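Chains as they are written, first to last, in my numbering: chain A, 24 to 500; chain B, 24 to 500. All C-beta atoms, glycine included, are put in the ideal place defined by N, C-alpha and C. A quick note: this is a predicted structure, and the numbers were derived from the prediction, not measured. Input: a single structure, listed below in structure tokens.
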């Protein structure tokens, strides 16, 4: 571990914005993944200039720098596996401009997604990429991982909403990328490259984002299925039909059980349920989409199909999905919900097979896995529920996710749809992108020659993370 | 000029697919821009392997390679300013797959845009980025320039439709980028970087594209304005209102005169006209958008406002815009229509000012300029009509476009919205992107260390192209 020049950092960000106490460092050593590693210091810049000065220092001294937002990353993106400085970007949380005439806003990276949408709401517009973690996720973190959520099926992911940005490069230089306009064809679109680069190419210090009108009408529907396979085929048919859902979510039996167990929702314990939504400015158009989706669900043996425009009814329908994530942690007191192979994407026609595959692999490996997610955008989530104290459960989990990813790649799917690669998914990522890893590495070298920005992630991450990195659980051997 | 190893190239692509006759080379020395330069050879590969072998040879011998599609580039993107081999990609023109279940198609780069849309039409879907040159523009060329057109305001530009691609790198290596799925967060999204890189980073040999359903209903409207300023403000208000036009086009008095002169359309010779369109699966939703736009046009003193769902009526309304490009060449027998500062983008609120600025600058410099374009997506086109034989007209043109770009940059606009940078726009591009030119150069070096892919373009292009490159016009001194 390198010696950090605390006085120099204090001089840059001030006494109150630097943490070196081990108890603080411990907290910043993990995110929402299974990984943990101790940083050397946590520094909280409040201005672009401070970020530039920190980077200049780190680059001179070859100290790793890991920009961190809300810490909601699921695969270890902000875990400092090689130590270094955690840049706590939450200190830069100003909404700089909401430009209604030109239809964009400018924000600092530490702005919380929900706070941005609260500010936009008063003007009748919203920022659509919003992931499920929007209560804590920052815009900067969402950009770093190309985050998306329930509405990306209609409105796109973070990359689609980013028009431009200001980025501090490893050497402290500040560059402006992209534009303030809707279309741009002026040279390399590096702002799109920065989206999803997981803090390995530059530190985003400002973003120009587009927004869209809040629709006048929203209608949400639900359909139950006795077969996970039928539900999966319904998803494929809906998307192939040209329907435009503003949401199309799958929840399987495990997920439904988990929710019933923790909340008194009395969800019918079927094999799977589809939650679908359409929105728009004209009711007839929303009806059109909803009816189209209802019919397709019927055709695939959906039951108890109903839909509603009523906010209370919609809230009730969605509640199960909304509470799924916390509920999974309570599925079994002895089992923790871990995000491992948790957000793969497959072509629509493989949704049914993918969901079945997850349950089959869970059975084979004696662990509990659930299939759910934003299937309308091709994303299938899983969580692995396991006893994290038991070494053998980790081995089973490792075996299971290897099988999941083998299947995903075999059907032209991709390792991560929304959560990024970080550490947990590096093994599959490297196999999937084998032919372009050299290219990725040359890009990384070109932008970060000293490899100080979030080193040891993506193509640099170790194949076998269970043995190569620390887990934030104590495992009995 | 380097000696080309003709036997080796013949061995790769066969006798009939290589051209070295000066008369042939001359034709391939220009595109739709004002520039001209002689290539050393024109080679027409028909397979990925042939492209790989050509690149390997060129990289060993340090011979420039310029991939070329339909030659509809407006700013010299495919003009071989440093000589070398023109890769005529039209030899790779197969539609490889139309996958309706997974909602994507796979195509070779030489496929003509109109041919792809003709093939998609039978399935009730279309590929939306389509530029005005779709009759000759290839998918590969559209990708190289992030092309877009009249419908990009609703459906996005090429970058938005590209899910993945296969690319041959300068050393002949083949890499797959992107995915077959709708969302992806797996590492650097290099396929998005390739879009708009104007053939300087790699040769696209296959593309995975998304498509969308052909709407059941289309309604097109038109509004005349006595003041260009009013028309410009109408555009800004429409886009700020959250309306979703599928087309929003401006044509000014010069454009209208040009069309009336060449065709018997009897368009009313007003200061400006707006053509607007909405589309969708539900008539009520289309009505909603059209009425919204009509009202805004009225509010801004629009006249003769009418709209129609009837294909014949729509054809009549759009004919003027459609024939504008050829018509401008016939505006005055002594004046040629040149694409110089021809596709800048400005924020919506500056549309009116931008249009006025163009006319003001034209007057100042004694040349004829027209303001038109896909203003709904922020793009404002101009053409400069001038006597290309007269040196002084070129000087005036140069002065005019310098003033245009100064204005564009002063209002947070960007140099190119859809046509790319090539040679003609390098001067403004370099000023606009001054702070990131180093970054662009390092990316170029990382991917093309020997600088053989379309050298001398973008950040490498000369500031003063009039003197630094050959014009395809003979200018009297």
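Worksheet item: alpha helix (DSSP H) containing residue 382 of chain B: first to last residue?
Response: Looking up residue 382 of chain B in the second chain gives position 359. Element bounds for residue 382 of chain B: 374-387.
Discussion item. If contacts are defined as beta-carbon pairs under 8 Å, then residue 355 of chain B and residue 404 of chain B qualify, I think. What distance do you get, rounded to the angstrom?
Written reply: The residue you call residue 355 of chain B lines up with position 332 of the second chain. The residue you call residue 404 of chain B lines up with position 381 of the second chain. The pair is not a contact, with the Cβ atoms about 19 Å apart (cut-off 8 Å).
Discussion item. Rounded to the nearest angstrom, what separates residue 86 of chain B and residue 161 of chain A at their Cα positions?
Written reply: Mapped onto the second chain, residue 86 of chain B falls at position 63. Mapped onto the first chain, residue 161 of chain A falls at position 138. Each residue's alpha carbon lies about 47 Å from the other.
Item to complete: Can you grab the Cα-Cα spacing for the pair residue 352 of chain B / residue 285 of chain B, in whole Å?
Response: As a first step, residue 352 of chain B must be located in the second chain, where it is residue number 329. As a first step, residue 285 of chain B must be located in the second chain, where it is residue number 262. Looking at the two C-alpha atoms, the distance is approximately 10 Å.
Practice prompt. Could you name the residues of the same chain whose beta carbon sits closer than 7 Å to that of residue 139 of chain A, not counting the 5 residues immediately before and after it, in chain order?
Written response: Within the first chain, residue 139 of chain A is the residue found at index 116, counting from 1. 118, 130, 150 and 162, listed in sequence order.
Practice prompt. Output yes or no for whether 7 Å exceeds the beta carbon distance between residue 293 of chain B and residue 252 of chain B.
Written response: On the second chain, residue 293 of chain B is found 270 positions in, with the first residue counted as 1. On the second chain, residue 252 of chain B is found 229 positions in, with the first residue counted as 1. In this structure, residue 252 of chain B does not lie closer than 7 Å to residue 293 of chain B by Cβ.
Discussion item. For a test of the three-state rule: what should DSSP assign to residue 397 of chain B, helix, strand or coil?
Written reply: Here the question's residue 397 of chain B lines up with position 374 in the second chain. Looking at residue 397 of chain B - three-state DSSP - the assignment turns out to be coil, as it is neither helix nor strand.
Worksheet item: According to a CB-to-CB cut-off of less than 7 Å, which residues of the stretch 122-144 of chain B neighbour chain A?
Response: 123, 124, 125 and 126
Fill in: Contacting residues, own chain, Cβ-Cβ under 8 Å from residue 496 of chain B (five flanking each side not counted)
Translated into the one-based positions of the second chain, residue 496 of chain B becomes position 473. Only 57, 359, 411 and 412 meet the Cβ criterion.
Worksheet item: In or out: residue 29 of chain B buried (at least 16 other Cβ within 10 Å) or exposed?
Response: For the purposes of this step, residue 29 of chain B is taken as residue 6 along the second chain, with counting starting at 1. That one is exposed.
Worksheet entry | Rounded distance between the beta-carbons of residue 71 of chain B and residue 505 of chain B, thought under 8 Å | The question about residue 505 of chain B has no answer, for chain B in this structure spans 24 to 500.
Worksheet item: Count the other CB atoms within 10 Å of the CB of residue 500 of chain A; is the residue buried (16 or more) or exposed (fewer)?
Response: Residue 500 of chain A sits at position 477 when you count from the first residue of the first chain. Exposed, because fewer than 16 other Cβ atoms sit within 10 Å of the Cβ of residue 500 of chain A.
Worksheet item: What's the C-alpha gap between residue 202 of chain A and residue 381 of chain B?
Response: Translated into positions along the first chain, residue 202 of chain A becomes position 179. Translated into positions along the second chain, residue 381 of chain B becomes position 358. Between residue 202 of chain A and residue 381 of chain B, the C-alpha separation is close to 21 Å.
Worksheet item: Between which two residues does the beta strand (DSSP E) containing residue 233 of chain A stretch?
Response: Counting from 1 along the first chain, the entry for residue 233 of chain A is found at position 210. Residue 233 of chain A -> beta strand (DSSP E) spans 226-233.
Worksheet item: With 16 other CB atoms within 10 Å as the buried threshold, where does residue 9 of chain B fall?
Response: Not covered by the structure: residue 9 of chain B. The range shown for chain B is 24 to 500.
Discussion item. Pairs of beta-carbons, one from the stretch 65-80 of chain A and one from the stretch 108-116 of chain A, closer than 8 Å: are there three or more?
Written reply: yes
Item to complete: For residue 331 of chain A, collect the residues of the same chain with a Cβ closer than 8 Å to its Cβ; drop the 5 residues on either side in sequence, then sort them by chain order.
Response: Within the first chain, the letter at position 308 stands for residue 331 of chain A. Excluding positions up to five away in sequence, the list reads 242, 243, 244, 337 and 340.
Item to complete: Using the DSSP secondary-structure output, state which residues sit across from residue 511 of chain B in a beta bridge.
Response: Outside the shown range of chain B, which is 24 to 500, sits residue 511 of chain B, and nothing can be said about it.
Discussion item. Which residues does DSSP list as the beta-bridge partners of residue 246 of chain B?
Written reply: As a first step, residue 246 of chain B must be located in the second chain, where it is residue number 223. In DSSP, residue 246 of chain B forms a bridge with B:297.
Worksheet entry | Rounded separation between residue 250 of chain B and residue 393 of chain B - CA only | The residue labelled residue 250 of chain B in the question sits at position 227 within the second chain. The residue labelled residue 393 of chain B in the question sits at position 370 within the second chain. In a straight line, the C-alpha of residue 250 of chain B is about 14 Å away from that of residue 393 of chain B.
Discussion item. In this structure, how does DSSP classify residue 187 of chain A when only helix, strand and coil are distinguished?
Written reply: Reading the first chain from its first residue, position 164 is the one you call residue 187 of chain A. Correct three-state label for residue 187 of chain A: strand.
Worksheet item: With 7 Å set as the bound, which would you pick, yes or no: does the beta-carbon of residue 204 of chain A sit closer than that to a beta-carbon of chain B?
Response: Translated into the one-based positions of the first chain, residue 204 of chain A becomes position 181. Answer yes: the Cβ-Cβ gap between residue 204 of chain A and chain B drops below 7 Å somewhere.
Practice prompt. For residue 435 of chain B, return the contacting residues in chain A, with the cut-off set at a CB-CB distance below 7 Å.
Written response: One-based indexing of the second chain puts residue 435 of chain B at position 412. Within 7 Å Cβ-Cβ: 203.
Worksheet item: By a C-beta neighbour count over all protein chains shown, 10 Å radius and 16 as the cutoff for buried, is residue 141 of chain B buried or exposed?
Response: Against the second chain, residue 141 of chain B aligns to sequence position 118. Label assigned to residue 141 of chain B: exposed.
Worksheet item: Among B:80, B:181, B:33 and B:288, which one has its Cα closest to the Cα of residue 167 of chain B?
Response: Reading the second chain from its first residue, position 144 is the one you call residue 167 of chain B. Comparing Cα-Cα distances from residue 167 of chain B to each of B:80, B:181, B:33 and B:288, the minimum goes to B:181.
Fill in: Cβ distance (whole Å) where residue 257 of chain A is taken to contact residue 325 of chain A below 8 Å
On the first chain, residue 257 of chain A is found 234 positions in, with the first residue counted as 1. On the first chain, residue 325 of chain A is found 302 positions in, with the first residue counted as 1. Indeed, because the Cβ distance is near 6 Å, the residues count as touching under 8 Å.
Practice prompt. Report the three-state DSSP secondary structure of residue 199 of chain B (helix, strand or coil).
Written response: Numbered from its first residue, the second chain carries residue 199 of chain B at position 176. Strand.
Discussion item. Please state whether the Cβ-Cβ distance between residue 435 of chain A and residue 370 of chain A is less than 7 Å.
Written reply: What you label residue 435 of chain A is simply residue 412 of the first chain in a count that begins at 1. What you label residue 370 of chain A is simply residue 347 of the first chain in a count that begins at 1. Yes, the Cβ-Cβ distance between residue 435 of chain A and residue 370 of chain A is below 7 Å.
Worksheet entry | Inside the stretch 68-108 of chain B only - beta strand (DSSP E) runs reaching at least 3 residues | 88-91
Practice prompt. Check whether the Cβ atoms of residue 447 of chain A and residue 363 of chain A sit closer than 7 Å, and answer yes or no.
Written response: Here residue 447 of chain A refers to the residue found at position 424 of the first chain. Here residue 363 of chain A refers to the residue found at position 340 of the first chain. Yes, these two residues count as a Cβ contact at 7 Å.
Worksheet item: Helix, strand or coil: how does DSSP classify residue 120 of chain A here?
Response: To locate residue 120 of chain A, count along the first chain from 1; it is residue 97. Residue 120 of chain A: strand per DSSP, three-state reduction.
Item to complete: Indicate whether at least one CB of chain A lies closer than 7 Å to the CB of residue 198 of chain B.
Response: As a position in the second chain, residue 198 of chain B is number 175, starting the count at 1. Yes, its Cβ sits closer than 7 Å to a Cβ of chain A.
Worksheet item: Since residue 371 of chain B meets chain A, which of its residues come closer than 9 Å, beta carbon to beta carbon?
Response: The residue given as residue 371 of chain B occupies position 348 in the second chain. Neighbours of residue 371 of chain B on chain A, chain order: 124, 125, 126, 204 and 205.
Worksheet item: So residue 271 of chain B and residue 299 of chain B are in contact, right, with Cβ under 8 Å, and what is the actual spacing, rounded?
Response: The sequence position of residue 271 of chain B within the second chain is 248, counting from 1. The sequence position of residue 299 of chain B within the second chain is 276, counting from 1. Contact holds; Cβ gap of about 5 Å.
Worksheet entry | Bounding residues of the beta strand (DSSP E) (the contiguous stretch that carries residue 406 of chain A) | Along the first chain, read from residue 1 onward, the residue named residue 406 of chain A stands at position 383. Residues 402-409.
Worksheet entry | Which listed residue (A:483, A:455, A:454 and A:456) has its alpha carbon closest to that of residue 468 of chain A | By 1-based counting over the first chain, the position of residue 468 of chain A is 445. The candidate whose alpha carbon is nearest that of residue 468 of chain A is A:483.
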